[in-house]
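Student: Let me give you the structure first, and then I'll get to my questions.
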């Protein structure tokens with residue numbers, strides 16, 4: 254990840270607070286033997302109002318939410334004290350996104366498959382419920398929206414704070430901003446198809462450009478390596494999107510020859526640093542196809558090859574020393590690394606100079 258997002262507090266965080274209450278104060282207390290009723294929500298007045306409204310609402314969204322809350326309560330009611338403790342640990346760990354990203358050994362990350370090993374039917378109910386929490390048919394219900402606001406307002410405030418206009422996961426594609434009528438999709442950083450409990454946690458929700466989200470990351474799990482030939486996987490560290498003081502990524506480029514007309518991706522080597530975040534960098538490159546995308550951009554006529562042509566044309570036709578061009582580019586890259594792909598243009602032209610293009 255090239256730069257972190259600034260986390261933006263918003264009214265929609267209340268939805269996750271509702272889920273916190275349901276999990277800790279309703280489901281985890283189900284084994285006490287109390288029958289399910291709306292009285293279980295009285296301690297949280299706003300949630301109680303929502304659950305009461307949903308109880309008398311026959312819309313699909315209301316029935317989905319209240320029905321699943323009640324059914325899951327039934328499954329929790331027969332769990333032992335040690336099983337409840339295990340679920341509490343899973344819930345806490347799955348929602349500590351920063352520790353998950355750091356691959357903290359004390360964080361016991363849980364997937365639906367882990368729950369299904371001993372609680373198959375409960376895992377199925379949890380899966381349907383948490384995957385559906387992000388549904389607009391639920392979030393747009395007036396009884397709920399009046400309490401938590403809406404996702405479009407969150408996005409508007411988000412891009413008013415995060416103003417770069419560039420996708421931090423690639424740096425080469427734009428992000429729709431406050432002057433657009435549309436918005437980017439929110440990516441579930443830890444995929445909601447794999448992980449319970451955090452699908453409406455906004456520290457696990459990150460706007461990403463279409464190519465990062467839909468073309469490359471898709472359903473990849475950043476927390477685990479791809480399966481090896483024995484189908485084994487390993488936990489790995491990954492950049493935390495909201496890290497307050499993130500490490501800047503270093504990039505150097507090496508070219509194998511000086512014939513720009515025949516330059517292909519196989520002739521380019523990318524060197525990333527610093528070593529302090531080497532594991533995070535490897536994960537980032539894998540999840541977002543970074544090497545392929547950067548090399549493709551450098552080989553494209555309107556990007557990498559055009560950058561070199563610009564230097565050569567100004568040198569030959571305007572008499573401008575290429576070194577002056579590079580010095581100006583160095584200055585601009587330090588000030589505005591993601592404008593005009595300066596962070597990629599600068600090391601590419603340095604590589605061109607080193608191999609003798611000019």
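Residue numbers (my numbering): 254 to 611.
Beta carbons are placed, not taken as given, at the ideal position from N, Cα and C, and that holds for glycine.
Apart from the five residues on each side of it in sequence, which residues of its chain come closer than 8 Å, Cβ to Cβ, to residue 384?
Tutor: Translated into the one-based positions of the chain shown, residue 384 becomes position 131. So the list reads 445, 446 and 452, once near-sequence residues are dropped.
Student: Give me, in chain order, the residues of the same chain whose beta-carbon lies closer than 7 Å to that of residue 474; leave out the 5 immediate sequence neighbours on both sides.
Tutor: Locating residue 474 in the chain shown gives position 221, where the first residue counts as 1. Only 444 and 447 meet the Cβ criterion.
Student: Compare the C-alpha of residue 254 against each of 591, 601 and 611 and name the closest.
Tutor: In the chain shown, residue 254 corresponds to position 1, counting from 1. Minimum Cα distance to residue 254 is reached at 591.
Student: Under the rule that 16 or more other beta-carbon atoms within 10 Å means buried, what is residue 319, buried or exposed?
Tutor: The residue given as residue 319 occupies position 66 in the chain shown. Answer is buried; the Cβ neighbour count reaches 16.
Student: Going straight from the alpha carbon of residue 432 to that of residue 268, what length do you get?
Tutor: Indexing the chain shown from 1 puts residue 432 at position 179. Indexing the chain shown from 1 puts residue 268 at position 15. Residue 432 and residue 268: Cα-Cα distance of roughly 27 Å.
Student: Report the residue from 558, 378 and 534 whose alpha carbon sits nearest the alpha carbon of residue 492.
Tutor: Here residue 492 corresponds to residue number 239 of the chain shown, with the count starting at 1. Checking every option, the nearest Cα to that of residue 492 belongs to 534.
Student: With contact counted as at least three CB pairs below 8 Å, one residue from each stretch, are the stretch 295-310 and the stretch 261-276 in contact?
Tutor: Segments in contact, yes.
Student: What whole-angstrom Cβ distance do residue 423 and residue 543 have, given they're in contact under 8 Å?
Tutor: Locating residue 423 in the chain shown gives position 170, where the first residue counts as 1. Locating residue 543 in the chain shown gives position 290, where the first residue counts as 1. About 7 Å separates the two Cβ atoms, so the contact holds.
Student: Which residue comes first and which comes last in the alpha helix (DSSP H) that contains residue 332?
Tutor: Against the chain shown, residue 332 aligns to sequence position 79. From DSSP, residue 332 is part of no alpha helix (DSSP H); its letter is neither H nor E.
Student: Using the Cα positions of residue 341 and residue 531, report the straight-line distance between them to the nearest angstrom.
Tutor: In the chain shown, counting from the first residue as 1, residue 341 sits at position 88. In the chain shown, counting from the first residue as 1, residue 531 sits at position 278. So the two alpha carbons sit approximately 32 Å from each other.
Student: What are the boundary residues of the alpha helix (DSSP H) that includes residue 564?
Tutor: As a first step, residue 564 is located in the chain shown; it is residue number 311 there, counting from the start. Where residue 564 is concerned, the enclosing alpha helix (DSSP H) stretches over 557-571.
Student: Could you spell out the range, first to last residue, of the beta strand (DSSP E) harbouring residue 522?
Tutor: Locating residue 522 in the chain shown gives position 269, where the first residue counts as 1. Note, residue 522: beta strand (DSSP E), 521-526.
Student: Decide if the stretch 304-311 is in contact with the stretch 400-411; the criterion is three or more beta carbon pairs, one per stretch, under 8 Å apart.
Tutor: Short answer: they don't touch.
Student: Residue ranges of each beta strand (DSSP E) run of no fewer than 3 residues wholly in the stretch 444-490, ordered along the chain?
Tutor: The qualifying runs are 458-460.
Student: Roughly how many angstroms lie between the CA atoms of residue 302 and residue 524, to the nearest whole one?
Tutor: Position 49 of the chain shown, counted from the first residue, corresponds to residue 302. Position 271 of the chain shown, counted from the first residue, corresponds to residue 524. Those two C-alpha atoms are separated by around 56 Å.
Student: Taking just the CA atoms, how far does residue 582 sit from residue 599?
Tutor: Within the chain shown, numbered from 1, the residue matching residue 599 stands at position 346. Within the chain shown, numbered from 1, the residue matching residue 582 stands at position 329. If you take the alpha carbons of residue 599 and residue 582, they lie about 7 Å apart.
Student: Suppose the cutoff is 7 Å on Cβ atoms and the five residues either side in sequence are ignored; what does the same chain contact list for residue 259 look like?
Tutor: Stepping through the chain shown from its first residue, residue 259 is reached at position 6. The answer, listed in chain order, is 414 and 415.
Student: Could you tell me the boundaries of the alpha helix (DSSP H) in which residue 407 lies?
Tutor: By one-based count along the chain shown, residue 407 stands at place 154. Unbroken alpha helix (DSSP H) run through residue 407: 404-414.
Student: Give the single residue among 334, 579 and 314 whose Cα lies nearest to the Cα of residue 392.
Tutor: Reading the chain shown from its first residue, position 139 is the one you call residue 392. Ranking the options by Cα distance to residue 392, first place goes to 314.
Student: Measuring only between beta-carbons, confirm whether residue 358 sits less than 7 Å from chain B.
Tutor: Of the chains in the structure shown, none is chain B; there is only one protein chain.
Student: Report buried or exposed for residue 589, applying the criterion of at least 16 other Cβ atoms within 10 angstroms of its Cβ.
Tutor: Locating residue 589 in the chain shown gives position 336, where the first residue counts as 1. When all chains shown are included, residue 589 counts as exposed.
Student: Using a threshold of 7 Å, state whether the C-beta atoms of residue 466 and residue 499 are closer than that.
Tutor: For the purposes of this step, residue 466 is taken as the residue at position 213 of the chain shown. For the purposes of this step, residue 499 is taken as the residue at position 246 of the chain shown. For residue 466 and residue 499, no; Cβs fall outside 7 Å.
Student: Candidates 316, 576 and 514: which alpha carbon is nearest residue 559's?
Tutor: As a first step, residue 559 must be located in the chain shown, where it is residue number 306. If we check each option's Cα against that of residue 559, 514 comes out closest.
Student: With 16 as the cutoff for other CB atoms within 10 Å, does residue 441 come out buried or exposed?
Tutor: In the chain shown, residue 441 corresponds to position 188, counting from 1. Per the 10 Å Cβ criterion, buried.
Student: What's the call for residue 596, buried or exposed, on a 16-neighbour Cβ count within 10 Å?
Tutor: Along the chain shown, one-based indexing puts residue 596 at 343. Buried, because 16 or more other Cβ atoms sit within 10 Å of the Cβ of residue 596.
Student: Count the other CB atoms within 10 Å of the CB of residue 561; is the residue buried (16 or more) or exposed (fewer)?
Tutor: Counted from its first residue, the chain shown places residue 561 at position 308. Buried is the call here.
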